[in-house]
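In the numbering used here, each residue's number is its place in the sequence shown (first place is 1) plus 71. The beta-carbon is built from N, C-alpha and C at its ideal position, and this holds for glycine as well. Being a predicted model, the structure only gives us computed values, none of them experimental. Encoded as structure tokens, the structure appears first; notes follow it.
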Amino acid sequence: MPLGHVVSSKGAFEADEESFRTIQDGITKRGVDVVIDYEHQTLGGGEAPAAGWVKELKLEDGCIKAVVEWTPRGAEYLKNREYRYLSPTIHVRKSDNKVTGLHSLALTNTPAIEGMAPIVNSDTFEGGQVFMDLKQLAELLGLGEDVTEEQILEAVKACLAENKSLKEGQQPPADDKVVANKTVCELLGLKAGAAVADVNSKIMELKGGIIDGVNVLAELKALKSENAERAAEEAVTLALRSGKLTPPQKDWAKSYALSDPKGFAAFVDKAPQIVPMGEVHFDSTAAPSGDTLNSETLFACKQLGITPEEVKKYGMQEGR
72 MPLGHVVSSK GAFEADEESF RTIQDGITKR GVDVVIDYEH QTLGGGEAPA
122 AGWVKELKLE DGCIKAVVEW TPRGAEYLKN REYRYLSPTI HVRKSDNKVT
172 GLHSLALTNT PAIEGMAPIV NSDTFEGGQV FMDLKQLAEL LGLGEDVTEE
222 QILEAVKACL AENKSLKEGQ QPPADDKVVA NKTVCELLGL KAGAAVADVN
272 SKIMELKGGI IDGVNVLAEL KALKSENAER AAEEAVTLAL RSGKLTPPQK
322 DWAKSYALSD PKGFAAFVDK APQIVPMGEV HFDSTAAPSG DTLNSETLFA
372 CKQLGITPEE VKKYGMQEGR
């Protein structure tokens, strides 16, 4: 990246020794190497294989130079002159149009600056989104680095209230009650000069968990409920199959598993096998008939404390 006033088809910017220092500080703070991809694929959100990695930056010969560790594929492209130019994706400070950060670099064959060294933005790249993180917003509001999201939100609300108070003190028309802070509006996804009511509404939506019209909290709650229902059903089915429960206990067991999954799991783990596996058919509803009791009926009688005589007397009458 050349130092000085740089003019390109993507807009002019300034680069100097301060730019070099802030770029280095940003890389050190992140603790990861800057990637060099192909045609800015890293900004597209899909697969973006690396052509190389920036291992060091130097300030030499009136420009910022990068010491690069190339991948075999990236080195082959360069060796065959299939790619010839390097294109940086930079952060530019709006107040003085100075470069303050380096996001990534890309190999390209269409540099935006004619006659310049092959390290400039590509004509085919449309540009990425402009965003500001919470730390930048905190700095804008005059808050410290250890501030919480809730404190940032309160500061934004106080700023809006002060702005509203000033405007009302000047007795402007109702339609002129807008938020003058352009950055705050952009962070909330609103146009610059948005109405105070719209800004307040957006803040309340965020506090309530609504993003782009979707109630994220409600969606999450429904998903958790659905997962809990499925997990309880699976736990009860497994207990039935392992002979730890009888079919009549299914509804009780599911309610227990929903209200206290860990407690139900502990119960099943310690419960004895009460249903002989391979003998009891869960879908069978036929009552014992005749004078002879089968093994299943005798086992059930033993578990319930009922004698075979009582079954023969009360449970095997015709029509029962």
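Taking C-alpha positions only, Trp-323 is separated from Lys-315 by approximately 13 Å. Segment contact: the stretch 76-83 against the stretch 98-111, fewer than three CB-CB distances shorter than 8 Å; contact not assigned. With respect to the 9 Å criterion, Glu-216 and Ala-226 are not classified as neighbours on the basis of their beta carbons.
With 16 or more neighbouring CB atoms inside 10 Å of its own CB, Pro-182 falls in the buried class. Put simply, the backbone Cα of Gly-102 is about 11 Å away from that of Gln-95.
Contact check for Ile-274 against Leu-224 passes: the beta carbons are separated by less than 9 Å. Look at Ala-324 here: in three-state DSSP terms it is helix.
In terms of CA proximity to His-76, Asp-167 leads the group Asp-167, Glu-220, Ala-328. Where Val-125 is concerned, the enclosing beta strand (DSSP E) starts and stops at 123-131.
For Arg-101, the three-state secondary structure derived from DSSP is helix. Judged by DSSP secondary structure, Pro-319 falls outside any alpha helix (DSSP H); it is assigned neither H nor E. Taken through DSSP and simplified to helix, strand or coil, Pro-182 comes out as strand. Restricting attention to Leu-309, Pro-318, Ala-302, the CA atom closest to the CA of Asp-331 is found in Ala-302. For Tyr-156, the enclosing beta strand (DSSP E) stretches over residues 156-164. Secondary structure of Gly-115 (DSSP, three-state): helix. The three-state reading of DSSP puts Gly-82 in coil, since its state is none of H, G, I, E or B. C-alpha of Asp-87 to C-alpha of His-111: approximately 24 Å in a straight line.
Contact between Gly-123 and Leu-74 does not hold, since the beta-carbon distance rounds to 23 Å and is not under 8 Å. When the beta-carbon positions are compared, Ala-137 and Leu-128 come within less than 9 Å of each other. For a cut-off of 8 Å, the C-beta gap from Val-270 to Leu-231 is around 6 Å, short enough to register as a contact. In this model, Met-72 and Val-139 are separated by some 14 Å (Cα to Cα).
Linking Glu-380 to Ala-328 through their CA atoms gives a straight-line distance of about 37 Å.
Annotated three-state conformation of Thr-142 is coil, per DSSP. Cα atoms of Asn-365 and Thr-317: separation of roughly 18 Å, rounded to the nearest angstrom. In terms of Cα proximity to Ala-266, the closest of Thr-171, Asn-234, Arg-144, Ser-90 is Asn-234. Per the coordinates, the alpha-carbon of Leu-157 lies some 42 Å from the alpha-carbon of Gln-222.
A direct Cα-to-Cα measurement between Lys-333 and Ile-345 gives close to 21 Å. DSSP places Leu-74 outside both helix and strand once states are collapsed to three, so it counts as coil.
With a cutoff of 9 Å on beta-carbon distance, Leu-176 and Ile-98 are scored as not near each other. Here Val-218 carries a coil assignment [DSSP, helix/strand/coil]. Collapsing the DSSP output to three states places Ile-107 in a strand. Under the three-state reduction of DSSP output, Gly-334 falls in the helix class.
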